[in-house]
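Just so we're aligned: 377 in the UniProt record's numbering is position 377 of the sequence shown, and the numbers increase by one with no gaps anywhere.
Think of the CB as a built atom: it goes at the ideal place given N, C-alpha and C, for glycine as much as any other residue.
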Amino acid sequence: MTDLETPSSAYIHVPFCQHRCGYCDFTLVARKDHLIDDYLAAMEQQLATVEPGIELQTLFLGGGTPTHLSIEQLERLFAAILSRFQLSDDCEFSIEANPLNLCIDKIDFLQQSGVNRVSLGVQSFHSEILTFLERDHQPEQIFEIVQNLRDRIPNTSLDLIFAVPGQSLQNWQDSLADVVGLGIPHLSTYGLTIEKGTSFWSRQQSGLFDLPADELAGTMYEYSLEYLSSQGLQHYEISNFARPGFECRHNEVYWTGHPYFGFGPGAASYLKGVRRQNHRSVATWLKRIAAGESPISEEEELDPESRAREAVIFGLRRRVGIDLADFESRYGFTLDELAETAMEKNITAGLLEQTETHLRLTQAGCLLADSVVIDFL
Ligand code: SF4
Numbered sequence: 001m002t003d004l005e006t007p008s009s010a011y012i013h014v015p016f017c018q019h020r021c022g023y024c025d026f027t028l029v030a031r032k033d034h035l036i037d038d039y040l041a042a043m044e045q046q047l048a049t050v051e052p053g054i055e056l057q058t059l060f061l062g063g064g065t066p067t068h069l070s071i072e073q074l075e076r077l078f079a080a081i082l083s084r085f086q087l088s089d090d091c092e093f094s095i096e097a098n099p100l101n102l103c104i105d106k107i108d109f110l111q112q113s114g115v116n117r118v119s120l121g122v123q124s125f126h127s128e129i130l131t132f133l134e135r136d137h138q139p140e141q142i143f144e145i146v147q148n149l150r151d152r153i154p155n156t157s158l159d160l161i162f163a164v165p166g167q168s169l170q171n172w173q174d175s176l177a178d179v180v181g182l183g184i185p186h187l188s189t190y191g192l193t194i195e196k197g198t199s200f201w202s203r204q205q206s207g208l209f210d211l212p213a214d215e216l217a218g219t220m221y222e223y224s225l226e227y228l229s230s231q232g233l234q235h236y237e238i239s240n241f242a243r244p245g246f247e248c249r250h251n252e253v254y255w256t257g258h259p260y261f262g263f264g265p266g267a268a269s270y271l272k273g274v275r276r277q278n279h280r281s282v283a284t285w286l287k288r289i290a291a292g293e294s295p296i297s298e299e300e301e302l303d304p305e306s307r308a309r310e311a312v313i314f315g316l317r318r319r320v321g322i323d324l325a326d327f328e329s330r331y332g333f334t335l336d337e338l339a340e341t342a343m344e345k346n347i348t349a350g351l352l353e354q355t356e357t358h359l360r361l362t363q364a365g366c367l368l369a370d371s372v373v374i375d376f377l
């Protein structure tokens, strides 16, 4: 498949949470459950615009917290999706979840509905870190919920956050050991970043906390790479680790420059070389759909060079890197033609390495990936 063909992946954004965590700048509303029915009606309307019968290889419900919806509300959302899309026999059907939303009945419902991958926002196994992050679960609850989940949906991924104020290296090492002890096949790890507009931003500006030094954050990240790979969880993307066969196929669609549908506030789609982004405000998105207007806030048709540059930026996220021959045949440029200076600079700095077949980040480059990719823009 090229990036210009009909997508076989869809992302559905579910913008509801119980509470907005202090570090979170995702598209969502908290304590506005009275909007869920309007959201479901708007999704039904949006999905009805899709030509019926397209088969999906991956379907991803993210948020927000999709499992904040009740079983009945999820049932309505799934029915709307399945009225337009067919799922292939081996479709990866993922949903993001928070531990306290996952009672046994809901897990059973998800499994019976065909969900076969759950990404669980655990973030830490330590109560003081969870309290700092304003999460509503406790460490002891995680073990029971993960066990219930894995008995029914074995392809479970956990999210963990490192470089949290007050977090020691030992604390991070213990959390990783807990993940390994649970036999989890996929893990995503993110260093805490403080985004403008969040309550953590204001608190940090007021001097109420400082992030750990870059050196400690780097040590935590490097420890993750070494420890998790020694335990069979391969580092396959800057922030992601998986046992063989458990890599997230939906995210691979983004990183390999393939097309996808996107529905819901803030969701992006990439269809026939055109990238579109829906309004991030839930209220605006709802209003525009109710008024019969387009929910799209930005639209950009990528020219061949922009498509190629984007492919480099996403492709470098994967540890395998960019296949040089495949890149040239898909985009019509060699990497040398496109970005010789950027390549030379970063190879000399030890942040990129080139083999006969691939260009990829080094381990040091993974730590500084954001600054490496800027050179390719
Ligand atoms: S639960 Fe997740 S999506 Fe919701 S506010 Fe917290 S971090 Fe953001």
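query = What is the DSSP secondary structure of Ala349, counted as helix, strand or coil?
reply = Indexing the sequence shown from 1 puts residue 349 at position 349. Residue state, collapsed to three classes: coil.
Limits of the unbroken beta strand (DSSP E) element including Ala325 = Mapped onto the sequence shown, residue 325 falls at position 325. Careful: Ala325 lies outside any beta strand (DSSP E), inside the alpha helix (DSSP H) at 324–331.
task = For the beta strand (DSSP E) containing Cys366, list its first residue and its last residue.
result = Stepping through the sequence shown from its first residue, residue 366 is reached at position 366. From DSSP, Cys366 is part of no beta strand (DSSP E) but of the alpha helix (DSSP H) over 363–367.
ask   = Can a CB atom of chain D be found closer than 8 Å to the CB of Gln111?
value = Any reference to chain D falls outside this structure, which holds one protein chain only.
ask   = Which residues have a Cβ closer than 6 Å to any heavy atom of the ligand SF4, listed in chain order?
value = Cys17, Arg20, Cys21, Cys24, Phe26, Leu28, Gly63, Gly64, Thr65, Asn98, Gly121
task = Return the first residue and the last residue of the alpha helix (DSSP H) that Gln138 is part of.
result = Within the sequence shown, numbered from 1, the residue matching residue 138 stands at position 138. Note, Gln138: premise wrong, no alpha helix (DSSP H); not H, not E.
task = Using three-state DSSP, classify Arg84 as helix, strand or coil.
result = Here residue 84 refers to the residue found at position 84 when the sequence shown is read from its first residue. DSSP places Arg84 in coil when its eight states are reduced to three.
ask   = If you run the structure through DSSP and keep just helix, strand and coil, what is Asp375?
value = Locating residue 375 in the sequence shown gives position 375, counting from the first residue. Correct three-state label for Asp375: coil.
task = Sort Ser70, Val50, Pro52, Gln57 by Cα distance to Leu108 and report the nearest one.
result = Translated into positions along the sequence shown, residue 108 becomes position 108. It should be pointed out that residue 108 corresponds to Asp in this sequence rather than to Leu. The option with the nearest alpha carbon to Asp108 is Ser70.
query = Is it true that the CB of Glu310 sits closer than 8 Å to the CB of Gly365?
reply = Along the sequence shown, one-based indexing puts residue 365 at 365. Along the sequence shown, one-based indexing puts residue 310 at 310. Cβ atoms of Gly365 and Glu310: not closer than 8 Å.
task = Kindly indicate which residue of Val179, Asp89, Gln123, Ser127 has the alpha-carbon position closest to the one of Asn116.
result = Position 116 of the sequence shown, counting from 1, holds the residue named residue 116. The option with the nearest alpha carbon to Asn116 is Asp89.
inquiry  = Let's test the definition: count the other Cβ atoms within 10 Å of the Cβ of Gln57 and tell me whether it reaches 16, buried, or not, exposed.
reply    = Here residue 57 refers to the residue found at position 57 when the sequence shown is read from its first residue. Under this definition Gln57 is a buried residue.
inquiry  = Pull the bridge partners of Gly191 from the DSSP assignment, please.
reply    = If you number the sequence shown from 1, residue 191 lands on position 191. Bridge partners of Gly191: Phe162.
Buried versus exposed call for Cys103 [16 or more other C-beta atoms within 10 Å across all chains shown] = Your numbering for residue 103 matches position 103 in the sequence shown. Exposed is the call here.
key: Sequence-distant residues of its chain with Cβ nearer than 7 Å to Ala242 (five each side left out)   = The count along the sequence shown starts at 1 and reaches residue 242 at position 242. Contacts found: Pro185, His186, Leu233, Gln234, Tyr236.
request  = Say whether the region 280–289 touches the region 29–39, bearing in mind that this needs 3 or more beta-carbon pairs closer than 8 Å, one atom from each stretch.
outcome  = yes
request  = Might you give, ordered along the chain, the residues of its own chain that have their beta carbon closer than 7 Å to the beta carbon of Phe376, omitting 5 neighbours on each side?
outcome  = For the purposes of this step, residue 376 is taken as the residue at position 376 of the sequence shown. The residues are Arg309, Val312, Ile313, Ala339, Ala342.
query = Can you check whether the CB of Asp159 is closer than 8 Å to the CB of Gly121?
reply = As a working mapping, residue 121 is identified with position 121 in the sequence shown. As a working mapping, residue 159 is identified with position 159 in the sequence shown. Yes, the pair counts as a contact, with Cβ atoms nearer than the cut-off.
message = Can you tell me where the beta strand (DSSP E) holding Val274 begins and where it ends?
response = Translated into positions along the sequence shown, residue 274 becomes position 274. Looking at the DSSP string, the run of the beta strand (DSSP E) that includes Val274 is 274–278.
inquiry  = For Pro295 and Ile347, I'd like the C-alpha separation in whole angstroms.
reply    = The residue you call residue 295 lines up with position 295 of the sequence shown. The residue you call residue 347 lines up with position 347 of the sequence shown. Whole-angstrom Cα-Cα distance: 42 Å.
task = With distances taken Cα to Cα, identify the nearest neighbour of Gln111 among Pro139, Thr67, Gly181, Phe143.
result = Mapped onto the sequence shown, residue 111 falls at position 111. Answer by Cα proximity: Thr67.
inquiry  = Excluding the 5 residues flanking Arg249 on each side, which residues of the same chain have their C-beta closer than 8 Å to its C-beta?
reply    = As a position in the sequence shown, residue 249 is number 249, starting the count at 1. Excluding sequence neighbours, Arg249 sits near Gln57, Thr58, Glu92.
request  = Below 7 Å CB to CB, which residues in the same chain sit around Glu247 once its five sequence neighbours on both sides are set aside?
outcome  = Position 247 of the sequence shown, counted from the first residue, corresponds to residue 247. Excluding residues within five positions, the ones whose Cβ falls inside 7 Å are Tyr236.
inquiry  = Quick check on DSSP: helix, strand or coil for residue 387?
reply    = Residue 387 is absent from the model: the chain starts at 1 and stops at 377.
ask   = How is Gln123 classed by DSSP in three states: helix, strand or coil?
value = Taking the first residue of the sequence shown as position 1, residue 123 is located at position 123. DSSP places Gln123 in strand when its eight states are reduced to three.
query = Under 8 Å between the Cβ atoms of residue 420 and Thr355?
reply = With the chain running from 1 to 377 in the structure shown, residue 420 is simply not present.
Alpha carbon of Arg84 to alpha carbon of Asn240, nearest angstrom = Translated into positions along the sequence shown, residue 84 becomes position 84. Translated into positions along the sequence shown, residue 240 becomes position 240. So the alpha carbons of these two residues sit roughly 31 Å apart.
task = Within its chain, find whatever has a CB closer than 8 Å to the CB of Gln123; leave out the 5 residues flanking it on each side and keep chain order.
result = The count along the sequence shown starts at 1 and reaches residue 123 at position 123. Taken in chain order, the residues that qualify are Ile129, Leu130, Leu133, Arg135, Asp159, Leu160, Ile161.
request  = Buried or exposed for Ile95, please, with buried defined as at least 16 other CB atoms from any protein chain shown within 10 angstroms of its CB.
outcome  = As a position in the sequence shown, residue 95 is number 95, starting the count at 1. Classification of Ile95: buried, given that the 10 Å Cβ count is 16 or more.
query = Using CA coordinates, which residue listed in Ser9, Val274, Ala163 is at the minimum distance from Ile54?
reply = The residue labelled residue 54 in the question sits at position 54 within the sequence shown. Of Ser9, Val274, Ala163, the residue nearest in Cα terms is Ser9.
inquiry  = By alpha-carbon positions, which one of Ser202, Gly191, Gly183 ends up nearest to Leu169?
reply    = Taking the first residue of the sequence shown as 1, we reach residue 169 at position 169. Looking at the Cα atoms, Gly191 is the closest of the given residues.
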